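Using this note's numbering, read the sequence shown as starting at 1 and increasing by one per residue.
Cβ atoms here follow ideal geometry from the backbone N, Cα and C, with glycine treated the same way.
It should be emphasised that the depicted structure is a prediction, and the values quoted were computed from it without experimental measurement.
Following: one structure in structure tokens, then a few remarks.
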Amino acid sequence: MAEREDAHSHILIKLSVWIFLLLILAVIALSYIFGVVVEPGYIGVRQITVALPLGPKQGFSDVGLTSGYHWNIPFYSRILFIPKTLQIIHIHRDTSLYPESEGALEVQTTDGSSVLVDISVVFRYLEAPGTTTVGEKIYSHGGPADLLKGLGSSQKMWRNTVRKVSIDELRRALGRLSTSEFYIPQKRQDEIKEAKANINSKLLKFGIKVESVLLRR
Numbered sequence: 001m002a003e004r005e006d007a008h009s010h011i012l013i014k015l016s017v018w019i020f021l022l023l024i025l026a027v028i029a030l031s032y033i034f035g036v037v038v039e040p041g042y043i044g045v046r047q048i049t050v051a052l053p054l055g056p057k058q059g060f061s062d063v064g065l066t067s068g069y070h071w072n073i074p075f076y077s078r079i080l081f082i083p084k085t086l087q088i089i090h091i092h093r094d095t096s097l098y099p100e101s102e103g104a105l106e107v108q109t110t111d112g113s114s115v116l117v118d119i120s121v122v123f124r125y126l127e128a129p130g131t132t133t134v135g136e137k138i139y140s141h142g143g144p145a146d147l148l149k150g151l152g153s154s155q156k157m158w159r160n161t162v163r164k165v166s167i168d169e170l171r172r173a174l175g176r177l178s179t180s181e182f183y184i185p186q187k188r189q190d191e192i193k194e195a196k197a198n199i200n201s202k203l204l205k206f207g208i209k210v211e212s213v214l215l216r217r
């Protein structure tokens, strides 16, 4: 009788092991059948949508996925895409050439004059949290998870945030000049440099870094 029970228990253990292994293989197969390709020029961000006792925690991955094929399981995870190439926002009077622009930047100088300025802001989305140097200052910055948590998943929202912060800081910085000072290149560039640092201080927490602020006209 005892021998029969031992044999029965042994069979159940072997069966359980095989079922467990088959389940693991099924999950692996499923994750790659429904896998996602991150194309060159993009960062992939995996979001775990369901909390489970085992496996990655719920939420966005802190570090972006590189180009290539990555696992994905329907209803459990999804992969969002963020451009990693340089992005440009034009604040320009020629709205036919730059349809995204709402016109030139209007700056009120200290002596009450109004100056119209065409500016291009060059920026990029950072692939991982860390630190970055802007001028002489070192800033802690966010990564793709902070971008998605802070500003949502709409690229239009990301760009609008960069545009709004840039306009506010540039208008504030350039507005410290008089009309005559405005046309002195060094004074103008000093204010643009300070504006760029202030823009970065507000955007880096979202994993957005402004590389250049170019005065066009």
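In the structure shown, S212 falls within a strand segment according to DSSP collapsed to helix, strand and coil. For the beta strand (DSSP E) assignment, the region 164–204 encloses no uninterrupted run of at least 3 residues. Under the three-state reduction of DSSP output, L105 falls in the strand class. For P83, the enclosing beta strand (DSSP E) starts and ends at 77–83. Between L126 and K209, the gap from beta carbon to beta carbon is short of 8 Å. Three or more beta-carbon pairs separated by less than 8 Å link the region 35–42 to the region 61–77, which places the two stretches in contact.
Judged by pairs of C-beta atoms under 8 Å, the region 89–107 does not touch the region 138–151, as fewer than three such pairs exist. In this structure T49 touches S77 by the C-beta definition: roughly 6 Å separates them, less than 8 Å. Per the coordinates, the alpha-carbon of F81 lies some 10 Å from the alpha-carbon of L148. Excluding sequence positions up to five before and after M157, its CB lies within less than 8 Å of the CB of L151, all in the same chain and listed in chain order. G150 sits in a helix when the DSSP states are folded into three classes. In this structure, the alpha-carbon of S180 lies about 12 Å from that of L174.
Residue pairing by DSSP puts K137 in a beta bridge opposite V134.
Boundaries for Q58: no beta strand (DSSP E) harbours it, and the DSSP string shows neither H nor E there.
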